[in-house]
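Taking it in order: structure first as structure tokens, then the write-up.
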Ligand code: BG6
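In this note's numbering, the protein residues as written are 243 to 748.
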């Protein structure tokens, strides 16, 4: 792997949660592993005035809480690389202060003008900050490269994503823009590529001739917690499906890339997203299910419904659960349904992608295993990262009874068991100029293009129900009907937790 050149990382939104919980701990972890450049500094940028020392102090609890290595001396030493600059992001003039701070540090620490600008701010600033930077030539690459990282959500719908792209591309080259999707930084998401393209046994079966359907689930046991205000304007489709889940679909369904070059891989994922069959309004009603968690009781404890969360409208129709069935119209996947679902307040936290292989054409044996007559390859993305292959085996004893058993690999069994945090990998990649695991403009637009009609239909068609599901259950029962094959269902890695069985239409 290429080492990172000496550089400065500027984080806008420095007083926010992401900086404290993810970015700074990830950078500290890179420091511990000796992966940061020899000469490196971080400038946190936010509105409120603060000294460098006060900012360092404010980061300490986060590093202690979210890092494995808690050596106070090393933490203090690392935090000496962190500086602070207050600016008003709306005010072009205040960017001059940032330029001066950067120049001062580049001089005193002898760091070239290589700079990353990380936008971890409210999305309303994603357009304006890059413009203000460009106005004072902080996009200029003549003396050192400049890169800009944009957090999700990238746009609110297709139109706003197009506008954001064109506003960015006025001043920045596509090769300078890194659209982050932290799921692509997850070790097990990258392992989809390795599983598929390093093992000769899977790829010949990875197509419409052998695959019955593909299922991708990202379930969370938490609700919206303190993010009700943000989530109200977002919902599960925008928050999880437009980015994380569709990126996984891209990797699961893509053709083998010509090389591991960033554009070779991203060319293949974008083709998948562009090949997803567009929904008609009737199909949206049938194939896109939305739900919202309602209050329930789990082990005697009352759990709040979404509408009772802080910052949420008591009549909200925002979906906290979404399940879609769709097709990818290409030679590999023609006719194979893809099912994806995500939800908050489900019984457990699990993200997995499952290839359900076709059953044998003629079933010879008596079956003992919950009616399962087909093989499944389960790629467990989190937690308990690993891969599981389910296959039928003769139950010992008389006759020919078959039961399904597991061949199961857990990452935790590896001698190097630490799985790096997604942000570690992604920050390091940007520092070394590798954009493979960042979303390219065309992929982001293709994802919005597919989902835009669903967003519009859900917004404008009052006949499409929002199904209520009790917190702690696997979402609306109606989502089960998406899988039309009577012998098949979604995979349920654990049972419903809630004692309530009230499913309703909100
Ligand atoms: C974020 C979403 O992008 O991903 C959150 O905004 C969600 O709502 C989170 O909880 C899930 O990420 P992870 O890594 O915990 O699966």
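C-beta: ideal position from N, C-alpha, C; glycine also.
- Contact between the stretch 700-715 and the stretch 294-304 is absent, with fewer than three C-beta pairs closer than 8 Å.
- For residue 502, the Cβ stays outside the 7 Å cut-off from all heavy atoms of the ligand BG6.
- Taking all protein chains shown into account, residue 382 has fewer than 16 neighbouring C-beta atoms within 10 Å of its C-beta and is therefore exposed.
- In this structure, residue 722 sits near residue 731, with a CB-CB distance shorter than 8 Å.
- The beta carbon of residue 481 sits closer than 7 Å to at least one heavy atom of the ligand BG6.
- Per DSSP, residue 444 is not a residue of any beta strand (DSSP E), being assigned neither H nor E.
- For residue 523, the number of other beta carbons within 10 angstroms of its own is below 16, and it is reported as exposed.
- By the neighbour-count criterion, in which 16 or more other beta carbons inside 10 Å mark a residue as buried, residue 592 falls on the buried side.
- For the options 650, 639 and 642, the alpha carbon positioned closest to that of residue 622 is the one of 650.
- Burial is judged here by how many other beta carbons sit within 10 angstroms of a residue's own beta carbon; residue 503 has fewer than 16 and is exposed.
- Around the beta carbon of residue 544, fewer than 16 other beta carbons lie within 10 angstroms, which makes this residue exposed.
- When 602, 711, 528 and 671 are compared, the shortest CA-CA separation from residue 589 is found for 711.
- If you draw a straight line from the Cα of residue 405 to the Cα of residue 366, it is about 12 Å long.
- For residue 514 against residue 458, the beta-carbon gap comes to about 13 Å, at or over 8 Å, which does not count as contact.
- Taking 8 Å as the cut-off, the Cβ atoms of residue 388 and residue 422 do not count as close.
- The continuous stretches of alpha helix (DSSP H) do not include residue 254, which lies in the beta strand (DSSP E) extending over residues 249-254.
- Residue 550 is positioned such that its CB atom lies closer than 8 Å to that of residue 537.
- The Cβ atoms of residue 534 and residue 563 lie closer than 8 Å to each other.
- DSSP links residue 544 through a beta bridge to 539.
- CA-CA distance, residue 274 to residue 311, rounds to 8 Å.
- Three or more Cβ pairs closer than 8 Å define a contact, and the stretch 412-429 meets that threshold against the stretch 671-689.
- Rounded to whole angstroms, residue 487 and residue 619 show a C-alpha spacing of 18 Å.
- Taking the Cβ of residue 394 as the reference point, at least one heavy atom of the ligand BG6 falls within a distance shorter than 7 Å.
- Taken from the Cβ of residue 726, every heavy atom of the ligand BG6 lies 7 Å or farther away.
- Taking one beta carbon from each stretch, the stretch 281-289 and the stretch 246-253 have 3 or more pairs nearer than 8 Å; the two touch.
- Residue 636 carries a strand assignment under DSSP once its states are collapsed to helix, strand and coil.
- Contact between residue 392 and residue 368 holds: CB atoms are separated by about 6 Å, below the 8 Å threshold.
- Membership of residue 295 in the alpha helix (DSSP H) is indicated by the continuous run 294-308.
- Here the distance from the Cβ of residue 534 to the nearest heavy atom of the ligand BG6 is not below 7 Å.
- As summarised for the stretch 360-397, the continuous beta strand (DSSP E) elements at least 3 residues long and confined to that stretch are 388-392, given in chain order.
- The C-beta distance from residue 362 to residue 427 rounds to 15 Å, too long to fall under 8 Å, and the pair is not in contact.
- In the three-state scheme derived from DSSP, where H, G and I count as helix and E and B as strand, residue 605 is classed as coil.
- Contact between residue 529 and residue 572 is ruled out by a C-beta separation of about 19 Å, above the 8 Å threshold.
- In the structure shown, residue 736 falls within a coil segment according to DSSP collapsed to helix, strand and coil.
- Judged by their CB atoms, residue 445 and residue 452 are not nearer to each other than the 8 Å cut-off.
- Sorting 380, 510 and 738 by C-alpha distance to the C-alpha of residue 358 places 380 at the top.
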